[in-house]
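Colleague: Numbering of the sequence shown is given in our numbering, commencing with residue 10 and proceeding in unit increments. Where is the CB? At the ideal position from N, CA and C, for every residue including glycine. Just so you know, these numbers come straight off a predicted model, no measurement behind them.
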Amino acid sequence: MDKTPNTTPRQSWTFSNDVNSDIRRAAATGIYDIRGGGAKRRVPHFDDLLFLGASMSRYPLEGYREKCDTSVTLGTRFAKKPIELKIPVTIAGMSFGALSGQAKEALGRGATLAGTSTTTGDGGMTEEERGHSEKLIYQYLPSRYGMNPDDLRRADAIEIVVGQGAKPGGGGMLLGQKITERVAGMRDLPVGIDQRSACRHPDWTGPDDLEIKILEIREITNWEKPIYIKVGGARPYYDTALAVKAGADVVVLDGMQGGTAATQDVFIEHVGQPTLACIRPAVQALQDLGMHREVQLVVSGGIRNGADVAKALALGADAVAIGTAALVALGDNDPKWEAEYQELGTTAGAYDDWHEGRDPAGITTQDPELASRLDPVAAGRRLRNYLNVMTLECQTIARACGKSHVHNLEPEDLCALTMEAAAMARVPLAGTDWYPGKPGF
């Protein structure tokens with residue numbers, strides 16, 4: 010018998026190679042790491058839920074003979090002109106500056122072809138996006154870059170951004186290499202100088218002040234435009250309740266799997282809650298106020314396919330918003346640019362240096378040569394195709410559960426594969442009728 014002891018070196022879990030690399034980088038540079046994209050750590054997500062399709066106790070719908078509606082109306086509470094969408098998937102706010110003009114145009118084209126809306130992001134409204142977006146949501150951020158009353162009136166809805174899932178409590182960043190003459194002109198900034206957006210609005214400090222601000226915006230827009238309030242997934246019950254009390258028509262709830270153009274890596278990985286953990290508390294707040302479905306809930310942060318959409322709707326959302334997935338649909342992180350990604354010290358699928366403005370796909374850049382690689386017409390069609398597939402997948406699941414509208418999906422159509430997902434989604438652990446924290450247990 011070989012009695013040679015096992016001498017294979019063991020790496021520390023606490024001080025792994027990745028952790029040690031971060032420590033060495035911090036020690037060498039004296040600055041924190043900035044990157045784009047979303048959280049890379051594994052947290053409970055929609056994959057940890059399964060649908061309970063119809064069998065004996067439920068009847069499914071025939072896919073080609075029985076209708077399953079996907080339409081959604083946002084902003085029915087106070088606005089004279091609510092947003093009517095054909096599908097429950099919208100495009101989240103991503104700024105011109107973070108994205109190229111061609112990318113903003115492609116998002117507008119794709120969203121319009123699919124019958125949904127897109128959102129401006131920080132830095133104002135571009136003609137490329139307004140001109141190709143049938144329904145455009147105008148983001149009103151703490152920075153107020155590019156904000157003017159005329160564009161508020163040109164928009165179809167206003168989204169007041171209080172927080173973002175990738176960095177709740179933090180402001181945005183746009184490094185100087187992406188601040189071209191056009192970007193600088195729109196934001197009233199010097200060319201080529203790093204920009205850091207404020208983390209809170211300068212003219213209100215709480216929900217009472219926000220109510221006054223919302224009334225001001227309603228007066229400017231003649232009470233026509235729905236007012237959304239976007240919050241990061243940190244304290245979803247109270248943030249949703251306060252947004253409703255301040256007068257929101259729609260609450261947009263962004264979980265930590267949401268992406269960003271640029272922020273501190275420590276924010277992306279260590280601040281906020283998983284999207285899955287945020288939905289039920291927000292829905293509970295709406296129900297407690299008697300406002301569920303009267304004030305619509307849009308969920309974002311890590312939505313990738315029609316199953317994710319269906320699960321968010323089953324947990325009580327009215328619609329979802331996608332950002333990172335939309336960029337991938339346009340062509341971002343495409344392996345065809347692998348050689349150039351490797352020259353940047355990364356690889357397709359791992360590229361998150363969006364803030365540096367050297368994206369080979371021409372999407373997260375202001376470099377004219379790189380941006381010209383993206384054909385906005387072809388990319389818009391790709392986005393349309395992707396949105397259509399997501400919608401069809403969501404419909405397929407809804408029909409399998411016997412639902413004639415995707416909004417008829419409900420928590421009892423779901424079960425959870427893990428204790429964590431069961432607790433967060435408040436649906437039974439598979440094979441049981443129990444979840445952690447269930448009343449009476």
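List the whole-angstrom C-beta distance separating Asp131 from Gln148, where the pair is believed to meet the contact cut-off of C-beta under 8 Å.
Modeller: With a Cβ gap of about 7 Å, Asp131 and Gln148 count as contacting.
Colleague: Exposed or buried, which one is Glu138 when buried takes at least 16 other CB atoms within 10 Å?
Modeller: Result: buried.
Colleague: Restricting to runs no shorter than 3 residues, where is the beta strand (DSSP E) found entirely within the segment 143 to 168?
Modeller: You should have 145 to 149.
Colleague: Measuring only the C-alpha atoms, how far is Val261 from Pro18?
Modeller: One C-alpha to the other measures close to 48 Å.
Colleague: Using the Cβ count rule (16 or more neighbours within 10 Å means buried), how would you classify Lys345?
Modeller: It is exposed - the Cβ of Lys345 has fewer than 16 other Cβ atoms within 10 Å.
Colleague: With H, G and I counted as helix, E and B as strand and the rest as coil, what does DSSP make of Asp78?
Modeller: Here Asp78 sits in strand by DSSP.
Colleague: Need the endpoints of the beta strand (DSSP E) that Thr272 sits in, please.
Modeller: That run of the beta strand (DSSP E) goes Thr269 to Gln273.
Colleague: Mind the definition here: the segment 34 to 48 touches the segment 151 to 171 only if three or more C-beta pairs lie below 8 Å; say whether that holds.
Modeller: Too few Cβ pairs lie closer than 8 Å, so no.
Colleague: Report the residue from Gly179, Cys410, Asn417 and Ala270 whose alpha carbon sits nearest the alpha carbon of Leu322.
Modeller: The residue with the shortest Cα to Cα distance from Leu322 is Asn417.
Colleague: Go ahead and pull the three-state DSSP assignment for Ile43.
Modeller: The answer is strand: DSSP assigns Ile43 an E or B state.
Colleague: Where Cys208 and Gly178 are concerned, what is the direct C-alpha to C-alpha distance, given to the nearest angstrom?
Modeller: So the two alpha carbons sit approximately 6 Å from each other.
Colleague: In chain order, what residues of the same chain lie with their CB nearer than 6 Å to the CB of Gln305, ignoring the 5 residues before and after it?
Modeller: Taken in chain order, the residues that qualify are Leu83, Val259 and Asp327.
Colleague: Answer yes or no: the CB of Ile202 versus the heavy atoms of the ligand MN, is any distance below 7 Å?
Modeller: Among the components of this structure there are no ligands whatsoever, and the ligand MN is therefore not found.
Colleague: Following the continuous beta strand (DSSP E) through Ser309, name the residue where it begins and the one where it ends.
Modeller: Segment Gln305 to Ser309, the beta strand (DSSP E) holding Ser309.
Colleague: Have a look at Ala338 and Gly174 and give me their C-alpha separation to the nearest angstrom.
Modeller: So the alpha carbons of these two residues sit roughly 21 Å apart.
Colleague: Given a threshold of 16 other Cβ atoms within 10 Å of its Cβ, counted over all protein chains shown, does Glu114 qualify as buried or as exposed?
Modeller: Buried: at least 16 other Cβ atoms inside 10 Å.
Colleague: Applying the 10 Å Cβ sphere with the 16-neighbour rule, what's the burial state of Ser109?
Modeller: By the 10 Å Cβ count, Ser109 comes out buried.
Colleague: I'd like to know if the segment 377 to 385 and the segment 284 to 297 are in contact, where contact means that at least 3 CB-CB pairs between them fall below 8 Å.
Modeller: No, the segment 377 to 385 is not in contact with the segment 284 to 297.
Colleague: Shortest alpha-carbon distance to Val240 belongs to which of Gly310, Gly299 and Asp197?
Modeller: The candidate whose alpha carbon is nearest that of Val240 is Gly310.
Colleague: Hey, could you find the ends of the alpha helix (DSSP H) Ile202 is sitting in?
Modeller: Premise fails: Ile202 is in no alpha helix (DSSP H) and is neither H nor E.
Colleague: Could you work out which residue in Leu438, Val98 and Phe105 is closest to Met134 when comparing CA atoms only?
Modeller: Selected option, being the one with the closest Cα: Phe105.
Colleague: Give me the Cα-Cα distance between Trp213 and Ile221, rounded to the nearest whole angstrom.
Modeller: Near 9 Å, if we compare the C-alpha coordinates of Ile221 and Trp213.
Colleague: Am I right that Ala271 and His364 are in contact with their C-beta atoms under 8 Å? What's the rounded C-beta distance?
Modeller: Contact holds; Cβ gap of about 3 Å.
Colleague: Thinking C-alpha only, which one of Asp27, Ile146 and Leu438 is nearest Glu233?
Modeller: Glu233 has its Cα closest to that of Ile146, out of Asp27, Ile146 and Leu438.
Colleague: Have a look at the DSSP bridge pairing and note the partners of Thr127.
Modeller: Looking at the DSSP assignment, Thr127 forms a beta bridge with Leu145.
Colleague: For Asp368, which three-state DSSP category applies?
Modeller: Three-state DSSP puts Asp368 in coil, outside helix and strand.
Colleague: In whole angstroms, give me the CA-to-CA distance for Gly117 and Leu423.
Modeller: Roughly 34 Å separates the two Cα atoms.
Colleague: Between Ala357 and Asp368, which are expected to be in contact by the criterion C-beta below 8 Å, what is the C-beta distance as a whole number of angstroms?
Modeller: The Cβ separation is near 11 Å, so there is no contact.
Colleague: Do the CB positions of Gln111 and Pro385 come within less than 8 Å of each other?
Modeller: Going by C-beta atoms, Gln111 is nearer than 8 Å to Pro385.
Colleague: Among Pro377, Tyr444 and Gly354, which one has its Cα closest to the Cα of Gln186?
Modeller: Here the closest residue by C-alpha is Pro377.
Colleague: Can you name the start and end residues of the beta strand (DSSP E) that Ala425 belongs to?
Modeller: Note, Ala425: beta strand (DSSP E), Leu423 to Ala425.
Colleague: Give the C-beta separation of Ile238 and Ala250 to the nearest angstrom, bearing in mind that I take them to be a contact with Cβ-Cβ under 8 Å.
Modeller: Contact flag wrong, Cβ pair sits at about 11 Å.
Colleague: Quick check on Gly241: does DSSP put it in helix, strand or coil?
Modeller: Residue state, collapsed to three classes: strand.
Colleague: Under the assumption that Ala407 contacts Ala319 (Cβ atoms under 8 Å), give the Cβ distance between them as a whole number of angstroms.
Modeller: So it is a contact: roughly 6 Å between Cβ atoms.
Colleague: Determine the burial state of Gln351: buried for a count of at least 16 other Cβ atoms within 10 Å of its Cβ, exposed for fewer.
Modeller: Gln351 is exposed by the Cβ-count criterion.
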